[in-house]
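Letter by letter, the sequence shown follows residues 2 to 106 in our numbering.
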Amino acid sequence: MQTEKGQSIEDASMQMIDDEIGIHKYNDKEWPIVRRIIHSTADFDFARENKVIFHKDAIQSGMTALRNGCSIVVDVNGVIGGLNKQNPKDFQNKIICNISNPEIM
2 MQTEKGQSIE DASMQMIDDE IGIHKYNDKE WPIVRRIIHS TADFDFAREN
52 KVIFHKDAIQ SGMTALRNGC SIVVDVNGVI GGLNKQNPKD FQNKIICNIS
102 NPEIM
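Listed below in structure tokens is the structure:
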């Protein structure tokens, strides 16, 4: 659960990204994803020159898969902390992170 101050900081960060990038070619479904990538990496180049390209069905297919209970695979435990906690419960999504699994290493 995010604190009010934490949300305020995140909102300000997202506004800074919007201000820096300005006009872009992403639609209303794509832009929040690209903006989150920039926020996570601090690399504004992801929004320039179409460095992130979406298949026309990617977002809808991803949303459908999540609603149907697909697993969410992440590469580090820190990503788990950033996930919305309620949606995986509602849709019975299993969250998988094997970074510390000795069988994988």
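Cβ atoms here follow ideal geometry from the backbone N, Cα and C, with glycine treated the same way.
Alpha-carbon to alpha-carbon, residue j and residue i
{"i": "N99", "j": "K6", "result": "32 Å"}
{"i": "N102", "j": "P89", "result": "22 Å"}
{"i": "N78", "j": "D29", "result": "29 Å"}
{"i": "I24", "j": "E50", "result": "12 Å"}
{"i": "V53", "j": "S41", "result": "14 Å"}
{"i": "K26", "j": "E104", "result": "43 Å"}
{"i": "R37", "j": "M106", "result": "29 Å"}
{"i": "S62", "j": "V80", "result": "21 Å"}
{"i": "D58", "j": "F92", "result": "21 Å"}
Same chain only: Cβ atoms within 8 Å of residue i, ignoring 5 sequence neighbours per side
{"i": "I171", "result": "What is shown of the chain runs 2 to 106, which leaves residue 171 out entirely."}
{"i": "G82", "result": "none"}
Short Cβ contact (8 Å threshold) for residue i with residue j
{"i": "N94", "j": "L67", "result": "yes"}
{"i": "E31", "j": "I10", "result": "no"}
7 Å Cβ shell around residue i - same chain, five flanking residues per side excluded
{"i": "I39", "result": "I18, F45, F47 and A48"}
Within 8 Å, do at least three Cβ pairs link the region 43-51 to the region 17-24?
yes
Go through the region 5-29 residue by residue and report every complete run of the alpha helix (DSSP H) that reaches 4 residues or more, in order.
5-22
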